[in-house]
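Here's the structure we're looking at; comments come further down.
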Amino acid sequence: IGRLPTEAESLSYLKDGRSGKRLVLIDRLLKSAEASDYWTFQFAKLLRIRSRPQDTLGAQTYHGWLRQQIQQDASYAQMARTMLTTTGDSHKIGPANFYRSAGDPRARAEFVSELFMGVRLRCANCHNHPLDQWTQDDYHGLSAIFAPLQVGRVVSVKEHAEVTHPRTGEAAVPRIPGTRFLESAQAGRELLADWLTDRQNPYFAPAAVNRLWKNMMGRGLVEPTDDMRSTNPATHPKLLKELARQFSEHDYSWRYVVRTIASSQTYARSAQPLPANRADDRFYSHALVRPLEAEVLSDALVDVTGVPHQYGDFPLGTRAVTLFDSLTPSAELDILGRCSREESCEVSSSSRAAGGLTRKLHLMNGRLVNSKIRSKKSHLSKFLDSQLPYDQIVSKLYLSCFSRYPTEPEREYWQQQEKQVQTGQQRRELLEDLFWSLLACREFTTNH
């Protein structure tokens, strides 16, 4: 759900002696409003939801519609159909914003094929795809389906429009990729939606579950997730096929797939590798460690310090994962390496997600962390003001940051450090150093 457990949640889980407590927790979390917020955030990155120049209302309406769909666990197939076929005022009709994410018919063809098929049809623009079945007829035929769209605040359909096929110099014939030509583009989007969401479609369900798997596991069964082809096979083809089958049979429920993955032994594996599998990054012998996304890390910093960020004009206390606009002014999110959603954001373990050197330097030396630690409103300040014993504060900080108590060597180290303290100010500075070390370390800034 994109956040750390609270101290109370961690203690409750640790004390729960039931053998099935993990499944109980998974079901409770998936039904929470926070799960809806987090998965809306993930889908919004794929759909490129962001404001346009002098226009934030369209993004807000689109995001609101998307969150409602996620909260209701609406069929992903029905969501896709709605987005592909809806026109009208984008300020009033959320899915009418779908085509505003791509500027022209060819860009729309690339966006749709990568999003709903997991294939790079763009490689067939100037020539037939060198490594796959797609032809120029497929690329420009799909582009022709989107040619009649007139995209502005109001998305409408022109009576006649075309794209030029570069090989013939004539109007491209509308075409469902890899299948058949169409007599006209006017009904093309409806026919495309019929084909994509048909249960026998070989692309739609695998592309969706591959992305869900990557979000949960840190790596897709096919990588990159938008380049599924016979010459780039899945690491576990039977698993991909079975997940796609179950996704389809359960009415394309994202929640069902996430629950299936979360309850698996594979998802529960430790991130600590064995000598024999230390180099494995493909076969899930151990959990992959990946950097937290900027918005998730920003929210985590707020949760453990108790000092909120201010995001643009949003109310103080707004969580970063709930922001509908990726262009909301925020120095914190820029520092942490957020994606602008100019393109779909799918990279979960790259330099973009890690925030690169900028993130690391700010976490170690910048005001982003230090100002929160030293704030009079921080949890640490409240612990000190309440005169909690030193050992209790150490335990609380570890539990809030890592969802665990300090190990014996860690506890002994900080006890030794306390013996050198002579004044209340020195004690505060020691605890600030402890807190900083927890917030800057890999265990806090990564999903593992």
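Under the numbering used here, think of the first position of the sequence shown as 45, with each following residue one higher. Where a beta carbon is used, it is the ideal one built from N, C-alpha and C, also for glycine. Bear in mind the structure is a predicted one, so any value in this text is a computation, not a measurement.
Rounded to the nearest angstrom, the Cβ distance from R385 to I93 is 6 Å, consistent with a contact under 8 Å. Across the structure, L265 and T279 are spaced so that their CA atoms are roughly 6 Å apart. When C-alpha distances from I220 are compared across R233, L371 and K136, the shortest belongs to R233. Annotated as proximal: Y120 and W298, with beta-carbon spacing under 8 Å. P97 and L371 have their C-alpha atoms some 11 Å from each other. With at least 16 other beta carbons inside 10 angstroms of its own, A364 counts as buried. Ranked by how close their Cα comes to the Cα of T402, the residues S388, G381 and N491 have G381 in first place.
If only complete runs of 4 or more residues are kept, the region 359-427 shows the alpha helix (DSSP H) at 375-380, 395-398, 400-409 and 411-418, in order along the chain.
Each of W239, N141 and L128 was checked against the Cα of W109, and the nearest Cα belongs to N141. In the pairwise beta carbon analysis, the region 209-217 is classified as touching the region 175-194: at least three pairs are separated by under 8 Å.
Bridge partners of P268 according to DSSP: none are assigned. By the Cβ-count criterion, F225 is exposed, with fewer than 16 other Cβ atoms from all chains shown falling within 10 Å of its own Cβ. For V348, the closest alpha carbon among the candidates Q116, I437, G102 and Y457 is that of I437. Judged by DSSP in its simplified three-state form, T105 adopts helix. Three or more beta-carbon pairs separated by less than 8 Å link the region 276-291 to the region 242-258, which places the two stretches in contact. For the 8 Å CB-CB criterion, R418 and D271 do not form a contact.
Under the DSSP assignment, Q194 falls in the beta strand (DSSP E) whose first and last residues are L193 to V195.
Per DSSP, the beta-bridge partners of F225 are R219.
DSSP, reduced to helix, strand and coil, places N141 within a helical segment of the structure shown. Rounded to the nearest angstrom, the gap between the Cα atoms of E476 and T100 is 40 Å.
For F327, the CB contacts under 7 Å within the same chain, skipping 5 residues up- and downstream, are T279 in chain order.
Of S274, Q112 and F160, the smallest CA-CA separation from P174 is found for S274. D117 and D60 have their C-alpha atoms some 29 Å from each other. Residue range V198 to V201 is occupied by the beta strand (DSSP E) that includes V199, with no alpha helix (DSSP H) assigned at that position. Closest in alpha carbon position to P139, among T129, A146, D148 and G147, is T129. For the pair S95 and P149, the CB atoms are not nearer than the 8 Å cut-off. At least 8 Å separates the beta-carbon of F368 from that of A124. By the neighbour-count definition (other C-beta atoms within 10 Å, threshold 16), H204 is an exposed residue. Where L67 is concerned, the enclosing alpha helix (DSSP H) starts and stops at K65 to L74. Using a Cβ-Cβ distance cut-off of 8 Å, the region 373-380 and the region 449-466 are not in contact, since fewer than three pairs of beta carbons, one from each stretch, lie closer than that value. Residues of the same chain with a CB within less than 8 Å of the CB of V207, apart from the 5 flanking positions on each side, are P149, R150, H184, S187, A188, A191, A215 and A216 in chain order.
The beta carbon of A484 is closer than 6 Å to those of L407 and M408 in its chain, skipping five residues each way along the sequence. Rounded to whole angstroms, the gap between the alpha carbons of K463 and E53 is 32 Å. The way I'd put it, the region 56-73 doesn't touch the region 238-245; fewer than three beta-carbon pairs between them come closer than 8 Å. Taken atom to atom, the span from the alpha-carbon of T304 to that of R263 is near 17 Å.
For T275, the secondary structure class from DSSP, reduced to helix, strand or coil, is coil.
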